[in-house]
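The numbers in the numbering used here rise by one with no breaks, and the one at position 95 of the sequence shown is 109.
Just so you know, even glycine gets a beta-carbon here, dropped at the ideal spot from N, CA and C.
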Amino acid sequence: MNKPVLTKQHVHTLARLTFGNTASLIYLGVVAATTVLVTVDTLFVSHEDASFAGVWLFLLAAPTVFVFFAGSAMLGAETAGPAWFVYVALVASVLVQSLALGWFVRLMRGGRGRARQPHPQGA
């Protein structure tokens, strides 16, 4: 009998890498603050010309957001696709990058993130 590809332990590990470390939380906090700024700017500030506040979200989601856009273009969609696709691509890109940050932090800590046991010299 085959084991499922994505087990509960895998989901827990992915969630911990995406949301459970300082680097990912700082990144997600910056994205959330920028999203609030863009929303306030869009809804409550009148501009003579178009506002470029939304560009900051794309810069924070780059480069993975552009991979989503390239994939949709290959499938025959418009440049960025419909509005719902832009929002889904932004959220997915931010989550992928948060996961990548968590994985990088884990890699730099040397393993699975657990404390290493000290080894005496010469043992």
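Distance from the CA atom of T53 to the CA atom of V81, rounded to whole angstroms, is 24 Å. The beta carbon of A103 sits closer than 7 Å to those of V79, F82, F83, all from its chain and outside the five residues before and after it, given in chain order.
Burial is judged here by how many other beta carbons sit within 10 angstroms of a residue's own beta carbon; A46 has fewer than 16 and is exposed. When only Cα atoms are considered, G85 and S38 end up about 25 Å apart. In this structure T56 does not touch L71 by the C-beta definition: roughly 11 Å separates them, more than the 8 Å allowed. Considering only L31, G43, L51, F58, the residue with the shortest C-alpha distance to F118 is L31.
The criterion of a C-beta distance shorter than 8 Å is satisfied by A75 and V108. When secondary structure is reduced to three states using DSSP, V59 falls in the coil class, being assigned neither helix nor strand.
With contacts defined as CB atoms closer than 8 Å, L121 and L28 fail to qualify as a contacting pair.
If you ignore the 5 residues before and after G68, its C-beta comes within less than 6 Å of the C-beta of V52, all in its own chain and listed in chain order.
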